[in-house]
Amino acid sequence: MLDESKPLFQAVAEQIEDGILDGTYAEDDPVPSTNQLAAFLRINPATAGKGLGLLVDAEVLIKRRGIGMFVAPGAREALRQRRKFAFQDQYIAPLLREAAQLGITPEELAGMITKEVAR
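See the structure below:
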């Protein structure tokens, strides 16, 4: 399912990225074509193409002329690293700022996290 809070082309790119991260698409595997994605997701082929283009520009996918698009070597690890940094910026940094404002020590915060993980 596409994330409707983002532009469709970004959601398409993230869906392919998710498939790479979860192993649906291994390195050097083909990914669905623009027309296949458009038909499956019921979106305009130009939108699907723009999403795939983002991944080509980011060197996550490589084009093989006349054959299709394939997962680039090292794409999974590169995506994992990029998303780890994004996770830190989007979730960890704000969490630490809020914890500091509330006077929560790093040890208390670690305890809270450990408690949540055990649930």
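If you're matching positions, the sequence shown starts at 1 in UniProt numbering and goes up one per residue.
Glycine included, each C-beta is placed from N, C-alpha and C at the ideal position.
Remember, predicted model here, so these are calculated numbers, not experimental data.
Beta-ladder partner(s) of residue i, from DSSP
{"i": "R64", "result": "G68"}
Nearest residue (CA-CA) to residue i, options the options
{"i": "E17", "options": "P45, F40, A72, K63", "result": "A72"}
{"i": "L8", "options": "G49, Q90, P94", "result": "G49"}
{"i": "A54", "options": "A13, A110, L109", "result": "The question names Ala, yet the displayed sequence has Leu at residue 54. When only C-alpha atoms are compared, the closest one is A13."}
{"i": "A75", "options": "P30, D3, Q10", "result": "P30"}
{"i": "M69", "options": "S5, I104, A26", "result": "A26"}
{"i": "D28", "options": "L2, R64, R119, G103", "result": "R64"}
{"i": "R80", "options": "G23, Q10, P45, E98", "result": "G23"}
{"i": "A11", "options": "F85, L41, A99", "result": "L41"}
{"i": "E4", "options": "I43, Q36, A39, L21", "result": "I43"}
Residue burial classification, residue i (beta-carbon count within 10 angstroms, cutoff 16)
{"i": "V117", "result": "exposed"}
{"i": "T34", "result": "buried"}
{"i": "Y91", "result": "exposed"}
{"i": "P32", "result": "buried"}
{"i": "G103", "result": "exposed"}
{"i": "A39", "result": "exposed"}
Any chance you could list the alpha helix (DSSP H) runs of at least 4 consecutive residues sitting entirely within the region 15-41, in chain order?
34-41
Quiz prompt | the region 10-26 in contact with the region 60-79 per 3-pair CB rule at 8 Å | solution = The region 10-26 is in contact with the region 60-79.
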